[in-house]
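Numbered by the working numbering, the letters in the sequence shown go through residues 192 to 302 in order.
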Amino acid sequence: MSLYNFLEDSEDCQFSATWFDYHGTITGNETCRPLEDIELYFRRGFPENNSTFAVTFCKRNAQFSEHDNVVEKSKELIWTIAERYGYYLTRERVFEYGNGMYYIHWKVVKK
């Protein structure tokens, strides 16, 4: 079962801490679509107010312009999704490690 299917089939509930751990890029591929998972998570209202949300992605092979900063562009895409569904992402922490991997952690606040 994919993360998307799990989120789609789950009963209405809320999570106080969530970490989506991807080994690919934020833009994904045919079988793994991180932005769709993240959008469904916020659209369904899964984050509790004052919860934490984190993602892990890889920078290599990202589908952005060579002039884009992959981490900044990824954060912008996620912020846009969260705000569209009534959430603010605050207290951001970014950690880069290994061979082009990064971890981003936020506090999620309901508008």
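Backbone N, C-alpha and C define an ideal beta-carbon position, used for all residues, glycine too.
Near the ligand HEM: residue i beta-carbon under 7 Å from a heavy atom
| i | result |
| --- | --- |
| F244 | This structure lacks the ligand HEM, and indeed carries no ligand of any kind. |
Straight-line gap, residue i to residue j (C-alpha atoms, nearest Å)
| i | j | result |
| --- | --- | --- |
| R234 | T271 | 12 Å |
| V261 | Y293 | 10 Å |
| K298 | T243 | 5 Å |
| L198 | C249 | 22 Å |
| R275 | N220 | 23 Å |
| G277 | I269 | 13 Å |
| R284 | I295 | 6 Å |
| P238 | R282 | 15 Å |
Where residue i falls: helix, strand or coil (DSSP)
| i | result |
| --- | --- |
| I229 | helix |
| Y293 | strand |
| Y213 | coil |
Requested in this report: Would you be able to state if there are at least three C-beta pairs under 8 Å between the stretch 213-232 and the stretch 278-288?
Outcome: no
**Report entry** Continuous alpha helix (DSSP H) assignments of at least 4 residues falling wholly in the stretch 236-286
**Finding:** 261-275
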